[in-house]
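Student: One structure is given below, represented as structure tokens, and several questions about it will come after.
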Amino acid sequence: MVLDIDFKILEDPEYKEDSVREDIIAPILRFLGFRSDNEESKIIRSKRLEHPYVMLGSSQKKLSIVPDYVLYRNQKPRIVIDAKAPNEDIFAGKNVSQVYSYAIHPEVRTMAYALCNGRHFNIFHLFGTEPVRSYDLSRMSSLDWEDMKQKLSELELEKLENFSYMLDYGICFTMLGFEDDYTQMFLSLPVGVIGRVSDELFTLNIKGNFLHDREVLMSADFHVSLLGKVMEGMSDECREETVNSLSRQPYCAHISQYGHRISFVGHLSEHIQKSSKGERFRPLIIDDVIV
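Taken in order, the sequence shown gives residues 5 to 295; the numbers are from the numbering used here.
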């Protein structure tokens, strides 16, 4: 048995996150083979940061917590884990946002993070907003424990590093907990792709180092009435490529080689979307193009 505990104790209001850490997370980490003195599978507790803030574009967020554990495999940080009290929400909201902020920090840079409140152990990766695995700890079978061991094994954690998806600007902005009901301004961003979604809706794909030194993909949608402004300043060759590509399937112009840049003001869309490849993203809505 991995956890030798009566889960009724979680109803005690005095049972806080320090108890979750000692009674529940610590035995789980031992079961998974992580130890402080094991260089191959090492635990670092309460790793503090030299620069405790995260920058996304021009927005800065100060980190308000130091998660309980950073797990290393072969001397590389693989996953951040934080304990919460049993009455805390670990599926969404500020608790998830705080640990996400720590995981993407350039001094940590894990692709996965987890929260445990004694009732559930939730594993997230940076590309989504919901747990990729949620374990109900009071109902764990031997197969469930083996599944957790597999998901947190060296092989699976290394696979996360090789994930083909890029971090999405809108998802990062959401998960970092920034207020998203205001207008943002972007200057001289390099346009990689212009796509035609419908007769009235077009979209841009823009790559940039919005997150410290980390490249992030931004999707920015705009009404057809702004297409002329979006194309303002294009070279003749770039303009011809764009017009021709948008007039025939798959209605997508790849123009990164032309060095076209755009400045605009916009706001985040209300909903997170999912691409045909399974990528989750939250596009910006371009209100106007600065020419």
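All residues carry an ideal CB built from backbone N, CA and C; glycine is no exception.
1) Between the Cα of L193 and the Cα atoms of F285, L215, N209 and Y255, which residue gives the shortest distance?
2) Under a three-way DSSP split, which group does I29 fall into?
3) List the DSSP bridge partners of N209.
4) My assumption, with CB atoms under 8 Å, is that V220 sits in contact with M170. Please give the rounded CB distance.
5) Quickly, what does DSSP pair A87 with across the bridge? List them, please.
6) Excluding five sequence neighbours on each side, which residues of the same chain lie with their C-beta closer than 6 Å to the C-beta of R25?
7) Got a sec, what are the start and stop residues for the alpha helix (DSSP H) N70 sits in?
8) Since L60 contacts F177 with CB under 8 Å, what's their CB separation in whole angstroms?
9) Looking at W149 and V295, is the spacing between their C-beta atoms short of 8 Å?
10) In the DSSP assignment, what residue or residues form a beta bridge with N126?
11) Any contact between the region 92-100 and the region 127-136? By contact I mean 3 or more CB pairs, one from each, below 8 Å.
12) Identify the continuous alpha helix (DSSP H) that holds I175 and give its terminal residues.
13) My output table needs one value for D291: the three-state DSSP class, helix, strand or coil.
14) Give every residue of the same chain whose Cβ lies closer than 6 Å to the Cβ of D299, excluding the five residues on either side of it in the sequence, and list them in chain order.
15) Should M222 and L141 be called a contact, given that it needs their Cβ atoms to be closer than 8 Å?
16) Which partner residues does I4 have in the DSSP bridge list?
17) Are the CB atoms of I198 and F190 within a distance shorter than 8 Å?
18) Rounded to the nearest angstrom, how far is the Cβ of D298 from that of I290, given a contact under 8 Å?
19) Hey, could you find the ends of the alpha helix (DSSP H) A257 is sitting in?
Tutor: This is what the structure holds:
1) N209
2) helix
3) V197 and S223
4) 7 Å
5) C120
6) D72 and A87
7) According to the sequence as given, residue 70 is Val; it is not Asn. First-last for V70: undefined, no H or E at that position.
8) 6 Å
9) no
10) L119 and S138
11) yes
12) Y173 to M179
13) strand
14) In the structure as shown, the chain starts at 5 and stops at 295, and residue 299 therefore has no counterpart that could be examined.
15) no
16) The chain is shown from 5 up to 295; residue 4 falls before or after that span and cannot be answered.
17) no
18) Past the boundaries of the shown model lies residue 298; the chain is included only from 5 to 295, so the question cannot be answered.
19) No alpha helix (DSSP H) holds A257; the beta strand (DSSP E) holding it covers C256 to H258.
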